[in-house]
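Each step along the sequence shown adds one to the number in our numbering, with nothing skipped, and position 338 is 318.
Structure record follows, encoded as structure tokens.
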Amino acid sequence: MTKLLLVAGFGCAVDAPIPPTSVQPNILLVSVDTLRADHTTPYGYTRDTTPVLSKLAREGTRFNAAFSQANESAWSHAALLAGRYASELASPVYATYAIPESATLVSEALAAYGYATAGFSAGGHVTADFGYDQGWDRWSAEPGFASFYDTGPKAVQWISELPENKPWFVFLHGYDAHRPYSRPGPWDHLYARGEGSRLAEALCKNPCISEMVLGDALFPEVVPSWFTHAGGDAVLDPETYARLAATGADSPRVAITAADKQHVLDHYDGAVRYADTQLGLTLARLEANGDLDNTVVIVLSDHGEDLLDHGYMNHRTGLFDSCTHVPLVAWGPGFEGGVNTDQLVDGRDVARTVLAVAGALPPSGSGGRDLREVRRGETPLEVVFAEGVMDMVTARTATHRLVVSGVRLADPGHAAEIAALSLESARFALYDLAADPGEQHDVHASDVATTAALRDRIVAWREGIVAGTHALSQEEVSPEVAKSLREHGYWEAGGDKPAVVTTAAPPIGAPSGGAGPEPVQSDAACKERFEFLPGGG
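Structure below.
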């Protein structure tokens, strides 16, 4: 085992032996939110975006085929911190989702085994509103969508104040790779050659405008709408995408050029490098304090980002590799040697591994495998599954991916509904990953056998899910928020049962229906949208 020394976070390193110890290892779990595997150096990217992650991978273990279990932070972290699918923990309705107190997070389990536990969240959807504050000795969540610049120093300080030989588990989270792709100083245009077009800059730096995109065009008149989550946060209404899909051929649009797309990638890569730098600074501080000795470091992401690969800027609209294939690198005791494996890895494996490293038994109902076993080639998986917040599910093998859309996960009969679908149904989409690694060509109609086989795997998986029923009730939120949810179709009038969310796309200019509020034409985040109308400003 070698000792890691990271100078100023830029991946300069020297090696020194770490003496063996019988003390329970410390565990640092790092979630780099919104980080695609194929935009990191260890996973073959042409740019050196992640020298720190590369150093960890060279000395530790790289899992080449790791996949998140959802395409949105509030759901995907359930697998990482509870070892279960989001729909097992709570009713999978986007507007009312939160992990219930009855769930057991790894923080609670490790406390029973003598660990000091702390979570340093960058905010967003990984907060108390979504149930992630449970069982920690210290929980800290930043306002908004913050950076490792904010969370890293707090983690370092907390660890430094622990009693000597007290084992610790820290969850560290940052939105550094998340939209907007605008980072301070040299990272903002680290890869971009000069300023891009006004449209390209807006796509990178204005999250509202980047949600007005479908395919190769921006639609200035399709203004994103928002709803208030039961926890109190404003959340983008997924019906925005249905409204985009319903745009007519004569709708005003602005073409997104190849140069614009490249500028978006340049900015994203700069944000990734910034995330890696901040990670390196945190590790360097820990090492300087002697707090990396006998420590297992696990670095991963909760989901990726489509980056216009399938016509969207975001991650919640699809379950492609662009949105679910994530980096996963483990470093420290049990993961030495620069090993890499192509075995499929499920995000729930992370929670099980954290517990196993600590010598803790997994909570009842949790899934996953110890990644040290996976590293040795044991307990292989044939398929991994994921859930999408826009009512979709997927099965992914080493060679194919099947996506089923239009599945209401909160409907108890959804497994039977999938089983009853004709194999010719447009709700299926099959991708041959060997012939089509970018997942651009749906072949479900021409490969009925594979479609049927993966459909059956999905049905069996969903039949085996013991569905969660928890949803934030009207009594748990302010009267104003509850009233808003009733008005927008998320709760039935006079009760606390979430209403079924419609995904039907209304005509442009028509009311948005039950899935969210009316588009807000004066939304401050979108006030510059008219600058991109043809000939306008």
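Every residue, glycine too, gets a C-beta built ideally from N, C-alpha and C.
- Here the C-alpha atom of Q114 lies approximately 17 Å from the C-alpha atom of V334.
- Burial state of K146 is exposed, judged by a 10 Å Cβ sphere holding fewer than 16 other Cβ atoms.
- Only exposed fits P164, as fewer than 16 other CB atoms lie within 10 angstroms of its CB.
- Taking all protein chains shown into account, S101 has 16 or more neighbouring C-beta atoms within 10 Å of its C-beta and is therefore buried.
- Taking a 10 Å sphere around the C-beta of R356, we find fewer than 16 other C-beta atoms and assign the residue as exposed.
- With respect to the C-alpha of T449, the residue from D391, A429 and Y254 having the closest C-alpha is D391.
- Separation of N269 and L8 (C-alpha to C-alpha, rounded to the nearest whole angstrom) is 15 Å.
- When the Cα atoms are used, Y254 and D156 turn out to be separated by approximately 7 Å.
- Across the set G418, H19 and L90, the C-alpha of G418 shows the shortest separation from the C-alpha of G291.
- Apart from the 5 residues on each side of it in sequence, P80 sits with its Cβ closer than 8 Å to the Cβ of L69, A70, G111, G448 and H450 in its chain, given in chain order.
- The beta-carbon distance between A425 and E404, rounded to whole angstroms, is 6 Å. This is short enough to meet the 8 Å contact definition.
- Taking every protein chain shown into account, the CB of A239 has fewer than 16 other CB atoms within 10 angstroms, so this residue is exposed.
- Under the DSSP assignment, I139 falls outside any beta strand (DSSP E), being part of the alpha helix (DSSP H) whose first and last residues are F128 to S140.
- Taking every protein chain shown into account, the CB of R173 has fewer than 16 other CB atoms within 10 angstroms, so this residue is exposed.
- Listed in chain order, the non-local C-beta contacts of S140 below 8 Å within the same chain comprise N269 and D271, local neighbours out to five positions each way being set aside.
- DSSP, read as helix, strand or coil, puts D246 in helix.
- Residue state for T20 is assigned as coil, using DSSP reduced to three classes.
- Annotation for E201: P232 place their beta carbon closer than 6 Å to its own, counting only its chain and skipping 5 residues before and after.
- In the three-state reduction of the DSSP assignment, A447 falls in the coil class.
- Here S67 has E367, L389, I445, A447 and G448 as same chain residues with Cβ atoms under 7 Å from its own Cβ, once five neighbours each way along the sequence are excluded.
- Counting other Cβ atoms within 10 Å of its Cβ, T359 stays below 16 and is therefore classed as exposed.
- Counting only runs of at least 3 residues, the stretch 145 to 205 fully encloses the following beta strand (DSSP E) elements, listed from N- to C-terminal order: 148 to 154.
- Between P218 and V369, the alpha-carbon positions lie close to 9 Å from each other.
- When DSSP assignments are scanned along the stretch 335 to 375, the uninterrupted stretches of beta strand (DSSP E) that are 3 or more residues long and fall wholly within it turn out to be 364 to 368.
- In terms of Cβ geometry, W116 and G250 do not form a close pair [threshold 8 Å].
- Annotation for V325: the continuous beta strand (DSSP E) segment containing it runs V319 to D326.
- In the three-state reduction of the DSSP assignment, A395 falls in the helix class, which pools H, G and I.
- Annotation for Y221: the continuous alpha helix (DSSP H) segment containing it runs E219 to A225.
- For S101, the enclosing beta strand (DSSP E) starts and ends at A96 to S101.
- Counting the other CB atoms within 10 Å of its CB gives P123 a total below 16, which places it among the exposed residues.
- The beta carbons of L61 and F151 sit about 7 Å from each other, so the pair counts as a contact at 8 Å.
- The beta carbon of N274 lies closer than 7 Å to those of T1, V3, P5, N6 and P313 in the same chain, with the five residues before and after it left out.
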